[in-house]
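There are 2 protein chains.
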Amino acid sequence: MAAQRGQRNGVGDTPPAPTAAEITAPIPRVVAEVPAARERARAIPEAAVARLAVYLRVLSGMQDQGSGTVSSEELAVAAGVNSAKLRKDLSYIGSYGTRGVGYEVAVLIEEIERILGLTRKQSVAVVGIGNLGHALANYGGFPGRGFPVTALFDVDPDLIGVPVGGLPVEHIDDIPTICAEREVSIGVIATPPPAAQTVCDRLVEAGVQCILNFAPVVLQVPDHVEVRKVDLAVELQVLSFHVARRADNAAATNGVAPEFNGKVNGMVVT
Amino acid sequence: MAAQRGQRNGVGDTPPAPTAAEITAPIPRVVAEVPAARERARAIPEAAVARLAVYLRVLSGMQDQGSGTVSSEELAVAAGVNSAKLRKDLSYIGSYGTRGVGYEVAVLIEEIERILGLTRKQSVAVVGIGNLGHALANYGGFPGRGFPVTALFDVDPDLIGVPVGGLPVEHIDDIPTICAEREVSIGVIATPPPAAQTVCDRLVEAGVQCILNFAPVVLQVPDHVEVRKVDLAVELQVLSFHVARRADNAAATNGVAPEFNGKVNGMVVT
DNA sequence: TACCGCTTGTGAACGCATGCACAAAGTCGC
DNA sequence: GCGACTTTGTGCATGCGTTCACAAGCGGTA
Ligand SMILES: NC(=O)c1ccc[n+]([C@@H]2O[C@H](COP(=O)([O-])OP(=O)(O)OC[C@H]3O[C@@H](n4cnc5c(N)ncnc54)[C@H](O)[C@@H]3O)[C@@H](O)[C@H]2O)c1
Ligand SMILES: NC(=O)c1ccc[n+]([C@@H]2O[C@H](COP(=O)([O-])OP(=O)(O)OC[C@H]3O[C@@H](n4cnc5c(N)ncnc54)[C@H](O)[C@@H]3O)[C@@H](O)[C@H]2O)c1
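First to last, the sequence lines map onto chains C and B. Numbering-wise, the first sequence is residues 58 to 327 according to the numbering used here. Numbering-wise, the second sequence is residues 58 to 327 according to the numbering used here.
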């Protein structure tokens, strides 16, 4: 029980268990984690990693558009972040900029891909080929970004063997063999909530070390497995909170209706 | 330009613009934000809000299962967080526990729902009824949680009028009238990336103040609009990063293969 | 009623992340 | 070749979020 932890990536969610950002810190763990590992894999804050992925996409767009170099300011605006933050994020992976000029787009793409481990293709398996699973299996954006979907699993006998997005659905009992055979490194769970934990356990048993979970449940996994969750209900509820707070504030500030209480369309009146 | 900002919720992403957590802090803003608003809507960290949504779901499950009360420890384990963190999160919304006993499940549910603004139903519109849009429209989990999907939009003439999940698809030109009429408070964008910004602008014009964006683009919105994004490519890439880092560490630590290097299945060996 | 054990709620400390501001470093023009 | 200008990379301060640890408070019990 003590070895288990909640999955990360909510908002600002820093897990109690070791993170990339903590590998240099003293860890109250007993096995593995030798100090010698410090030099390699510099500690990159998890938040920065997520942003690097965003920069990468923006950079790809720029490259397609023919840009040769970008300044931190341009890239920051395009990625929707502060330019200082962007430079700091990039500094985690090294110094690839030229002062007075900016960054070479191609170089930056290559370096970010290297850090994110995208040089090696990460094979993805989707479990639960229902509404969401179909959408994921049909989505062309993954293979294009280095994440080929190489296996689909379900329990529904009517689905087994049916090709979805060009790939036949397999039975979940075949997870061990197929995942090993196709070197699946990321498992995506899109089953109903009650089945999620079982499916997760099977994937882990099969050696899958990373899980992306769409089911609204807290998965229990061993320490060496990385879980991220996408929880739409939570997203909507956070938005709902902001609506409520805004309404409260507006009501407290003055008697004006919640919408359009004097603020010009996003521009701060100075 | 200065009034625009990147959307939040990456990992540990704290926005540059005012957040719930900042309303008590001195803000270098010029309009609105009157000090009088301080008493109401206590400053709840955004990260805590996201977790409250998780607690709510766990609590609902407990209630269905007949539990009358829970201790912070039980709830924390079920939600996958530290019990101290859980208590602090709950303390943001008030003191509804009984020392020596725990929390009454029903009371906690009610209070969290109140804070998250779930007492008022939040009407949702989905734009872009493709693979993902279909899945969202058919998903039964939203209405059940206080988020009725009341409108679907697309541009594809073949889709207009076709019922999806029991609701006919409307043309995006009707966004203004329909959103107003059905009091849509949350817009979900599931269009191809190039269309996302335009769709977003239309929603904002129609008075929608909250947006959940699935398209892998950085949306530019005025200050009073709240955007959250769900970016699967980023999720996968963060997972990929962890695979890479782990492989690096293992290689540096000893010559052992990345998988199963001595650790017992999640249990820390003491 | 008084005591005891249990759990909450929170003050305080710590650590991570953000943003600022500037020195270092390179380019471009002359 | 030199100076001025531009942009990077980063030390530092600040603020937010997490965690610890414990006093306060409540129910049960004698
Ligand atoms: N559809 C959405 O838009 C949406 C949105 C948010 C969250 N989710 C979550 O995603 C998950 C999937 O949603 P959905 O709408 O696709 O559901 P769905 O019912 O359409 O599909 C679920 C699929 O999982 C399969 N399945 C059931 N048990 C299984 C098992 N033990 N092993 C393997 N496969 C199994 C079913 O056969 C079915 O094909 C759910 O947990 C849901 O809460 C979905
Ligand atoms: N399908 C997935 O699993 C998945 C995963 C991650 C991200 N996404 C993202 O979600 C978005 C939708 O993906 P999808 O697979 O459903 O795509 P899709 O092509 O299946 O569907 C897109 C839909 O949007 C409609 N559309 C196009 N332009 C529009 C406009 N201007 N206004 C309104 N509607 C418009 C199209 O008619 C189509 O019905 C994309 O941005 C994609 O990158 C999808």
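A virtual CB, placed ideally from N, CA and C, is assigned to each residue, including glycine. What you are looking at is a predicted structure, and each value in this text was computed from that prediction instead of being measured.
Taking the C-alpha atoms as reference points, what is the distance between residue i and residue j?
{"i": "Ile246 (chain B)", "j": "Ala182 (chain B)", "result": "9 Å"}
{"i": "Glu161 (chain C)", "j": "Leu293 (chain B)", "result": "25 Å"}
{"i": "Ile169 (chain B)", "j": "Arg108 (chain B)", "result": "11 Å"}
{"i": "Val300 (chain B)", "j": "Asp288 (chain B)", "result": "19 Å"}
{"i": "Gly197 (chain B)", "j": "Pro249 (chain C)", "result": "11 Å"}
{"i": "Val111 (chain B)", "j": "Val226 (chain C)", "result": "32 Å"}
{"i": "Ala133 (chain B)", "j": "Gly154 (chain B)", "result": "14 Å"}
{"i": "Val31 (chain B)", "j": "Ala263 (chain C)", "result": "This structure cannot speak to residue 31 (chain B), because chain B is shown only from 58 to 327."}
{"i": "Pro75 (chain C)", "j": "Glu103 (chain C)", "result": "In this prediction, Pro75 (chain C) has a pLDDT of 32, which is less than 50 and means its spatial position is unreliable; what the coordinates show is noted afterwards. C-alpha separation (whole angstroms): 11 Å."}
{"i": "Cys236 (chain C)", "j": "Val184 (chain C)", "result": "11 Å"}
{"i": "Gly174 (chain B)", "j": "Phe210 (chain C)", "result": "38 Å"}
{"i": "Arg239 (chain C)", "j": "Gly190 (chain B)", "result": "30 Å"}
{"i": "Val219 (chain C)", "j": "Leu296 (chain B)", "result": "29 Å"}
{"i": "Ser124 (chain C)", "j": "Arg156 (chain C)", "result": "18 Å"}
{"i": "Pro214 (chain C)", "j": "Thr255 (chain C)", "result": "18 Å"}
{"i": "Ile166 (chain B)", "j": "Ser117 (chain B)", "result": "7 Å"}
{"i": "Ile217 (chain C)", "j": "Arg177 (chain C)", "result": "30 Å"}
{"i": "Asp146 (chain B)", "j": "Leu113 (chain B)", "result": "12 Å"}
{"i": "Gln122 (chain B)", "j": "Lys142 (chain C)", "result": "46 Å"}
{"i": "Thr234 (chain B)", "j": "Ala208 (chain B)", "result": "11 Å"}
{"i": "Arg97 (chain C)", "j": "Val164 (chain C)", "result": "Confidence at Arg97 (chain C) is low in this model, with a pLDDT of 37, below 50, so the placement of that residue should be treated as unreliable; the coordinate-derived value is given next. Taking the straight line joining both Cα atoms gives about 21 Å."}
{"i": "Ser152 (chain B)", "j": "Ser242 (chain B)", "result": "30 Å"}
{"i": "Ile186 (chain B)", "j": "Ala192 (chain B)", "result": "9 Å"}
{"i": "Gly137 (chain B)", "j": "Cys257 (chain C)", "result": "16 Å"}
Who are the Cβ neighbours of residue i in its own chain at under 8 Å, not counting the five residues just before and after it?
{"i": "Pro200 (chain B)", "result": "Val206"}
{"i": "Ala290 (chain B)", "result": "Pro273"}
{"i": "Ala253 (chain C)", "result": "Ile246, Asn270, Ala272, Val274, Leu276"}
Along the beta strand (DSSP E) that carries residue i, what are the first and last residues, could you check?
{"i": "His191 (chain C)", "result": "Looking at the DSSP string, His191 (chain C) is not in any beta strand (DSSP E); the run it does join, the alpha helix (DSSP H), is 188–195."}
{"i": "Arg285 (chain C)", "result": "283–286"}
{"i": "Val184 (chain B)", "result": "180–184"}
{"i": "Asn269 (chain B)", "result": "Per the sequence presented here, residue 269 (chain B) reads as Leu, with Asn not at that position. Here the beta strand (DSSP E) through Leu269 (chain B) covers 267–270."}
Please go through the same chain and pick out, in chain order, the residues whose beta-carbon is closer than 6 Å to the beta-carbon of residue i, but skip the five residues on each side of it.
{"i": "Phe204 (chain B)", "result": "Gln179, Val181"}
{"i": "Val212 (chain B)", "result": "Ile229"}
{"i": "Arg259 (chain B)", "result": "Ile232"}
{"i": "Gly244 (chain B)", "result": "Ala182, Leu260, Val265, Ile268"}
{"i": "Asn188 (chain C)", "result": "none"}
{"i": "Gly222 (chain C)", "result": "Ala194, Asn195"}
{"i": "Ile150 (chain C)", "result": "Glu168, Ile172"}
{"i": "Leu148 (chain B)", "result": "In the sequence as displayed, the identity of residue 148 (chain B) is Ser instead of Leu. Once the five neighbours on either side are set aside, Ser148 (chain B) has no close Cβ partner at all."}
{"i": "Phe298 (chain B)", "result": "none"}
{"i": "Ser140 (chain C)", "result": "Ser129, Glu130, Ala133"}
{"i": "Ala135 (chain B)", "result": "Val115"}
{"i": "Ile80 (chain B)", "result": "Only weak support is given to the placement of Ile80 (chain B): the predicted model assigns it a pLDDT of 33, under 50, and the value that follows is read from those uncertain coordinates. The answer, listed in chain order, is Ala100."}
{"i": "Leu224 (chain B)", "result": "Leu209"}
For residue i, which residues of its own chain have a beta-carbon under 7 Å away from its beta-carbon, when the five flanking residues on both sides are left out?
{"i": "Val261 (chain B)", "result": "Val278, Pro279, Val282"}
{"i": "Arg171 (chain C)", "result": "none"}
{"i": "Met119 (chain B)", "result": "Val127, Val162"}
{"i": "Arg144 (chain B)", "result": "Ser129"}
{"i": "Val284 (chain B)", "result": "Gln64, Ile268, Asn270, Leu276, Val278"}
{"i": "Val158 (chain B)", "result": "Thr126"}
{"i": "Ala105 (chain B)", "result": "Asp146, Tyr149"}
{"i": "Pro251 (chain C)", "result": "none"}
Please list the terminal residues of the continuous alpha helix (DSSP H) segment that includes residue i.
{"i": "Leu175 (chain B)", "result": "Leu175 (chain B) -> no alpha helix (DSSP H), and no H or E assigned at all."}
{"i": "Val275 (chain B)", "result": "Segment: none, Val275 (chain B) is in no alpha helix (DSSP H) and carries neither H nor E."}
{"i": "Ala107 (chain C)", "result": "103–121"}
The stretch 237–255 of chain C: positions lying closer than 8 Å to chain B by Cβ: Ser242, Ile243
Segments of 4+ residues assigned as alpha helix (DSSP H) that fall wholly inside the stretch 128–172 of chain B: 129–136, 140–150, 162–172
- prompt: If you measure beta-carbon to beta-carbon, which residues of the stretch 257–274 of chain B are closer than 7 Å to chain C?
  reply: Gly264, Gln266, Cys267, Leu269, Pro273
message: Beta carbons nearer than 8 Å to chain C: which residues of the stretch 161–182 of chain B have them?
response: Ile172, Leu173, Gly174, Leu175, Arg177, Gln179, Val181
task: Tell me the start and end of each unbroken beta strand (DSSP E) in the stretch 210–249 of chain B that is at least 3 residues and wholly inside, in chain order.
output: 224–228, 241–246
task: Check each residue of the stretch 114–136 of chain C: if its Cβ is closer than 8 Å to any Cβ of chain B, include it; give the result in chain order.
output: Arg114, Val115, Val134, Ala135, Ala136
- prompt: Relative to chain B, which residues along the stretch 284–298 of chain C have a C-beta separation below 8 Å, given in chain order?
  reply: Arg285, Val287, Asp288, Leu289, Ala290, Val291, Glu292, Leu293, Gln294, Val295, Leu296, Ser297, Phe298
- prompt: Of all the residues that make up the stretch 213–224 of chain C, which are near chain B by a beta-carbon distance shorter than 7 Å?
  reply: none
task: With 8 Å as the C-beta to C-beta threshold (strictly closer), list the residues of the stretch 136–155 of chain B near chain C in chain order.
output: Ala136, Gly137, Val138, Asn139
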